[in-house]
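Chemist:
Numbering (the working numbering), first residue to last: 482 to 766.
1. With DSSP run on the structure shown, which of helix, strand or coil describes residue 544?
2. Residue 683 and residue 753: beta carbons closer than 7 angstroms?
3. For the candidate residues 680, 530, 638, 657, whose alpha-carbon lies nearest to that of residue 594?
4. Express the C-alpha separation of residue 636 and residue 524 in angstroms, rounding to a whole number.
5. Verify whether the separation of the beta carbon atoms of residue 713 and residue 693 is less than 7 angstroms.
6. Report all residues from its chain with a CB closer than 7 angstroms to the CB of residue 497; omit the five preceding and five following residues, and keep chain order.
7. Sort 740, 733, 545 by Cα distance to residue 720 and report the nearest one.
8. Using 10 angstroms around the beta-carbon of residue 765, count the other beta-carbons present and answer buried if the total reaches 16, otherwise exposed.
9. Is the CB-CB distance between residue 582 and residue 521 below 7 angstroms?
10. Hey, out of 733, 730, 691, 621, whose CA is closest to residue 487's CA?
11. Taking Cβ positions, are residue 695 and residue 710 nearer each other than 7 angstroms?
12. Which of the three DSSP states is assigned to residue 557 in this structure?
13. For residue 640, name the three-state secondary structure that DSSP assigns.
14. Short of 7 angstroms in beta carbon distance, which residues of its chain neighbour residue 673, apart from the five on each side in sequence? Order them along the chain.
15. Between residue 547 and residue 527, what straight-line distance do the alpha-carbon atoms span, to the nearest angstrom?
16. In chain order, what residues of the same chain have a beta carbon less than 6 angstroms from the beta carbon of residue 653, not counting five sequence neighbours either side?
17. With DSSP collapsed to three states, give me the class of residue 715.
18. Fully enclosed by the region 652–740, which alpha helix (DSSP H) runs are 4 residues long or longer?
19. Mapping DSSP to helix, strand and coil, what is residue 602?
20. Check whether the Cβ of residue 526 sits closer than 6 angstroms to any heavy atom of the ligand GTP, and report yes or no.
21. What residue from 724, 717, 517, 725 has the CA that sits closest to residue 747's CA?
22. Would DSSP call residue 595 helix, strand or coil?
23. Rounded to whole angstroms, what's the CA-CA distance from residue 657 to residue 723? Just pull it up for me.
24. What residue range does the alpha helix (DSSP H) around residue 536 cover?
25. Please classify residue 557: is it buried, with 16 or more other beta-carbons within 10 angstroms of its beta-carbon, or exposed?
26. Rank 675, 541, 573 by C-alpha distance to the C-alpha of residue 514 and give the top, closest one.
27. Taking buried to mean at least 16 other C-beta atoms within 10 Å of its own C-beta, is residue 540 buried or exposed?
28. Might you give, ordered along the chain, the residues of its own chain that have their beta carbon closer than 6 angstroms to the beta carbon of residue 668, omitting 5 neighbours on each side?
29. Which residue from 592, 485, 618, 715 puts its Cα closest to that of residue 743?
30. Alpha carbons only, please: which of 687, 578, 676 is nearest the one belonging to residue 705?
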């Protein structure tokens, strides 16, 4: 319930803070946005599927395999906007991509979940389209639309609550992450020690995801390439944890593996994003 509440608050705050000039960017860069959304919602899960179909992946533990799949399936990381601002990215483009990914996820997650099930013949990972659509709709799309409606019809209230709500959303996310780290921390070190190969697979997938965002923006300025790389590489741990709690209750270690994937993503993305942002060949006019 706390995971769902956190996601709801984050998406409501995003909708409340989405300004009209950011929405206008959708008309200015429709093909760029479409490419990055396809990369984040479809190409990333397909890359994870290909990695998990390699013969070497048969040595991975069940929780590690499921965590990799769940993180690949879940786009629209809650911290994209904050990270885009800190790393020199385009916050307006990041907002549009996060909103778009949340909407596309209603279709992409159940579709790709079916692809994963068909590829591996999995019967006990029953993430059905209707259930996923309800989960994503309740935790992401509904609060996003509510935020947009409040901004449109109650501008005075928006000015009053926008900043405190953003602080609340960030605070809830930090509490959620801290809670997961505290509960899984004692298990994280043993997981790392027993799953070196899984960590290698996670690292490869993170680097591939960064590359997808980079390659999908070949003619863009550096801040747009950096934002696209952020969007494709930063997955949604809150949504992955929600699915793990719902569909993998009998498989211990999945939440620990999700946290491990998150740590690998942060450690790898920081130097790569710095390289993308500083590259002189990517500097815009």
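All residues carry an ideal CB built from backbone N, CA and C; glycine is no exception.
Modeler: Checking against the coordinates, here is how it stands:
1. helix
2. no
3. 530
4. 38 angstroms
5. yes
6. 628, 631, 632, 639, 643, 646
7. 740
8. Annotation note: pLDDT 40 at residue 765 (below 50); position unreliable, coordinate value reported separately. It is exposed - the Cβ of residue 765 has fewer than 16 other Cβ atoms within 10 Å.
9. yes
10. 621
11. yes
12. coil
13. helix
14. 680, 741
15. 14 angstroms
16. 487, 490
17. coil
18. 677–696, 703–714, 718–728
19. coil
20. Ligands in the displayed structure: none, and consequently the ligand GTP is not present.
21. 717
22. helix
23. 12 angstroms
24. It is not in any alpha helix (DSSP H) - residue 536 carries neither H nor E in the DSSP assignment.
25. buried
26. 573
27. exposed
28. 737
29. 715
30. 578
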